[in-house]
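Colleague: Quick one: this structure, given as structure tokens, is what I'll be asking you about.
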Amino acid sequence: MTILQKNIYLTIIKIISTLLLLLQKMVKKFSVDCEFSGIKHKVDLYVGNPAEGNHPLSFQSKWLAENRNGHIPEDLMDTFSQINDISTQNKVPFEDLLEYISNEEKRKDKYIEDYNAASEFSGNQDLEEDGDEDDDEFKPSKKSKMQKGSAIIEQGANPLRQEQILREKYSAVQGENASSDIGEKSFKAQNPTIIEENGIKKPKRKKGEAPINDEGLQSPLKHQRDSATLNPAKHQRKQLDMAYKKAEAAKKQRTDTHPAASRAEPVVTKNNINEKD
16 MTILQKNIYL TIIKIISTLL LLLQKMVKKF SVDCEFSGIK HKVDLYVGNP AEGNHPLSFQ
76 SKWLAENRNG HIPEDLMDTF SQINDISTQN KVPFEDLLEY ISNEEKRKDK YIEDYNAASE
136 FSGNQDLEED GDEDDDEFKP SKKSKMQKGS AIIEQGANPL RQEQILREKY SAVQGENASS
196 DIGEKSFKAQ NPTIIEENGI KKPKRKKGEA PINDEGLQSP LKHQRDSATL NPAKHQRKQL
256 DMAYKKAEAA KKQRTDTHPA ASRAEPVVTK NNINEKD
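With the sequence shown counted from 1, adding 15 to any position gets you our numbering.
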């Protein structure tokens, strides 16, 4: 082997070794979804390092091979140029920056898929509920069940309100003093759970006073049993008595001051006190 042949052989070996080292050091594979004409296609990228004057070595994509004859789209090359500028300005390795961008794109796609799946699931739930109400009219829906439960709770939560309503009905029919034995028996027959509970009779009440169920009252409310809300009939009688007493006092005062004026004053009674007001 001559010296010239030996030098050529050594040169070829060095070139091959250098190329292998460059390929091992520079080439890196990325699998990303690239959007073409509004549709994403999977593309395998084998890229070098543009910061060192290299460009993407190859693209492996069935869509590119069939539609673009394997040519790299210009917008994709512009994207690589922008990534190269960012990596150069911030002194970040191009491969690391490209890998970060690829991972962020995958995470974004995953978020969109999860959001779409959640929206689809929620829409299906609404359709199922609407379908249940349309298909089976006898099957109660969730809304009707909630309304029925609220009505039952409201009906049994305030027995004093029921007692007041019943008492007002009887008072309207029988008059202001509708507290006779017949009215009391009828009221007890209509509402036995309020007047007599567990066979225990309530103490006798005064004539004209609405029945009171102290067991259903909390201790802070017992002093309000004669209020306008719990006993409107007795509260009204108290107001009439107070008005009557005031009228009598005013009349007496005028009589004491001017005795002759008493002959011109009309007679004041509980029955016409409302007409005077």
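Ideal Cβ placement from N, Cα and C applies to all residues, glycine included.
Since this is a predicted model, take the numbers as computed values, not measurements.
Relative to the C-alpha of lysine 249, which candidate in Asn105, Thr272, Glu183 has its C-alpha closest?
Modeller: Stepping through the sequence shown from its first residue, residue 249 is reached at position 234. Of the listed residues, the one whose Cα sits closest to lysine 249 is Glu183.
Colleague: What's the C-alpha gap between lysine 106 and asparagine 118?
Modeller: Within the sequence shown, residue 106 is the residue found at index 91, counting from 1. Within the sequence shown, residue 118 is the residue found at index 103, counting from 1. The straight-line gap from Cα to Cα measures roughly 20 Å.
Colleague: For a test of the three-state rule: what should DSSP assign to lysine 267, helix, strand or coil?
Modeller: Locating residue 267 in the sequence shown gives position 252, where the first residue counts as 1. Reduced to three states, the DSSP call for lysine 267 is helix.
Colleague: Around the Cβ of isoleucine 27, are there at least 16 other Cβ atoms within 10 angstroms (buried) or fewer (exposed)?
Modeller: Walking along the sequence shown from the start, residue 27 turns up at place 12. Isoleucine 27 comes out exposed.
Colleague: Here's the rule I'm using: 16 or more other beta-carbon atoms within 10 Å means buried, otherwise exposed. How should alanine 98 be labelled?
Modeller: The count along the sequence shown starts at 1 and reaches residue 98 at position 83. The residue you asked about is not alanine; residue 98 is isoleucine in the sequence shown. Buried, because 16 or more other Cβ atoms sit within 10 Å of the Cβ of isoleucine 98.
Colleague: By how many angstroms is the C-alpha of proline 247 removed from the C-alpha of lysine 261?
Modeller: Residue numbering aside, residue 261 sits at position 246 when the sequence shown is read from its first letter. Residue numbering aside, residue 247 sits at position 232 when the sequence shown is read from its first letter. One C-alpha to the other measures close to 21 Å.
Colleague: If you measure between the beta carbons of leucine 112 and isoleucine 101, is that distance less than 8 Å?
Modeller: The count along the sequence shown starts at 1 and reaches residue 112 at position 97. The count along the sequence shown starts at 1 and reaches residue 101 at position 86. Yes, they are a contact pair.
Colleague: In whole angstroms, what separates the C-alpha of lysine 121 from that of lysine 57?
Modeller: Indexing the sequence shown from 1 puts residue 121 at position 106. Indexing the sequence shown from 1 puts residue 57 at position 42. Approximately 12 Å between the Cα atoms of the pair.
Colleague: Could you give the distance in angstroms between the alpha-carbon of asparagine 131 and the alpha-carbon of isoleucine 116?
Modeller: Counting from 1 along the sequence shown, the entry for residue 131 is found at position 116. Counting from 1 along the sequence shown, the entry for residue 116 is found at position 101. Cα to Cα, asparagine 131 sits roughly 23 Å from isoleucine 116.
Colleague: Go ahead and pull the three-state DSSP assignment for threonine 17.
Modeller: As a working mapping, residue 17 is identified with position 2 in the sequence shown. It is coil, neither helix nor strand.
Colleague: Would you decide whether threonine 208 is buried or exposed? Buried here means 16 or more other CB atoms lie within 10 Å of its CB.
Modeller: As a first step, residue 208 is located in the sequence shown; it is residue number 193 there, counting from the start. Bear in mind that the predicted position of threonine 208 carries a pLDDT of just 47, short of 50, making it too unreliable to give a figure here.
Colleague: By Cβ distance below 8 Å, which residues in the same chain neighbour threonine 272 in space, the five residues on each side in sequence not counted?
Modeller: As a first step, residue 272 is located in the sequence shown; it is residue number 257 there, counting from the start. Counting only Cβ-Cβ distances below 8 Å, and skipping sequence neighbours, we find nothing.
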